[in-house]
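Numbering (the numbering used here), first residue to last: -2 to 312.
All C-beta atoms, glycine included, are put in the ideal place defined by N, C-alpha and C.
Quick caveat, the model's predicted, so the values are computed rather than measured.
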Amino acid sequence: MSETLASAAKLIKSFVPLQKLFNERLEQSISGLGDDRGRVPPPHLHEAMRYALLAGGKRLRPLMVLFSAEACGGNALSCTENRVSGEGDERAWPAALAVEYVHTYSLIHDDLPALDDDDFRRGRPTIHKAFDEATAILAGDALLTDAFTFAAGAPENAAAQCLELALAAGSSGMVAGQAMDMYSEGKPADDVDLLGIHVRKTGRLFIGSCVLGGLSVAANQESLDVLRVYGAAFGLAFQISDDVLDVIGDEKAKGKSSGGDADADKATYVRRYGLEGAKKRTHEAAEEAREAAEYFGERGRILQELALYAAHRDY
Ligand code: GRG
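Pasting the structure below:
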């Protein structure tokens, strides 16, 4: 294992307590515990939503919400240290839940037979395999919609958070990227707006996660602008490395099958620039993200480290 790969793995390991705490909050949110929203989904739908949300996953987007809040002067990470006394700064947690709900919806719908038609996700059968196609569609719809109940209840900038989330997920954000990706299948690689696809499909929700983190602690405009630059560069590095891992990644570590991009004749950075060219672009984008995070000084150190993980991850 190279030194950088080893430090990326070490970094991810250091997130475990925070991921664990987030998973507990996620479990509470979907069980309706500690939730005054009075949501009672029908049992079959509820089971599918739980299955999808609690299947694991790196929880990167919610962590980015918390890290961005921390970078902007919030005290979001104190929740890990003060969990027993319950004295942590809770302001960014609704946004953290919201982005994971939206992300999980996107994975469910992306795996459907009409889209990528994948059988495995997060190391287990996809929702339409474990349940049925109609339930998978509804579970995705429900998660997307319920996400806004968290953002709407955030103590700071709730309306701005809802707007940012809608823009990140909607017809000019993630869904736009998915549509552009789909319509590009089979086209000559040079005719495809690869960057435009990646920025929308993957980058936009990372940007949204960072900006929601900032908004949730009432960050100033300059900080929000830097978070946008960081999120876009991080998203690009992350998506290109996803293209690379689709070719050389370990299926067990990733929890999903490899080779889907080539099978679907998709335009990817690997197809256009070759494996080494794609890796080089990942590193450039990760470095751009790291440099952006320098703006926050010591408070942004974790964002800087996370940027390097995007380029050196192995799952
Ligand atoms: C709106 C249907 C629809 C799709 C939007 C986000 C997306 C487009 C599709 C999801 C599938 C995909 C390959 C997206 C690219 C971004 C990406 C690499 C997602 C996987 O994110 P991870 O690795 O997943 O953070 P975990 O399981 O760790 O949460």
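Bridge partner(s) assigned by DSSP for residue i
i: Pro122; result: Phe117
Beta-carbon contacts of residue i that lie in its chain and below 6 Å, excluding the five residues immediately before and after
i: Cys76; result: Gly85
i: Asp115; result: Asp108 and Thr123
i: Gln301; result: Arg287 and Ala290
i: Met61; result: Ser206 and Cys207
i: Ala165; result: Arg201, Leu202 and Gly205
Reference residue i, options the options, closest by Cα
i: Arg296; options: Leu140, Ser220 and Leu242; result: Ser220
i: Phe145; options: Leu135, Glu281 and Leu160; result: Leu160
i: Ala163; options: Leu141, His106, Glu130 and Phe128; result: Leu141
i: Gln16; options: Ala157, Leu63, Arg47 and Pro38; result: Leu63
i: Thr265; options: Gln236, Glu281 and Phe293; result: Gln236
i: Tyr306; options: Ser238, Lys126, Pro59 and Ala68; result: Ser238
i: Ala304; options: Asn72, Ala286 and Phe293; result: Ala286
i: Arg47; options: Ala133, Leu224, Leu8 and Ala216; result: Ala133
i: Thr199; options: Asp311, Ser103, Glu130 and Glu78; result: Ser103
i: Arg225; options: Ala157, Lys10, Gly193 and Leu209; result: Leu209
Cβ neighbour criterion (16 or more within 10 Å) applied to residue i
i: Met(-2); result: Model confidence at Met(-2) stands at a pLDDT of 49, short of 50, so the residue's coordinates are unreliable and nothing is read from them.
i: Gln25; result: exposed
i: Leu135; result: buried
i: Ile105; result: buried
i: Gln314; result: Any question about residue 314 goes unanswered here, given that the chain covers just -2 to 312.
i: Ala282; result: buried
i: Pro152; result: exposed
i: Asp129; result: exposed
Distance cut-off 6 Å: residue i Cβ against heavy atoms of ligand 3
i: Ser181; result: Ligand 3 is not part of the structure shown, which contains ligand 1 as its ligands.
Close-in-space but distant-in-sequence residues of the same chain around residue i (CB under 7 Å, 5 per side omitted)
i: Lys276; result: Val241
i: Ala308; result: Ala234, Ser238, Thr279, His280 and Ala283
i: Met171; result: Ser103, Ala165, Arg197, Lys198, Arg201 and Leu202
Nonlocal neighbours in the same chain, by C-beta distance under 8 Å from residue i, ignoring five residues either side
i: Val196; result: Gly174, Ala229, Gly232 and Leu233
i: Asp187; result: Arg269
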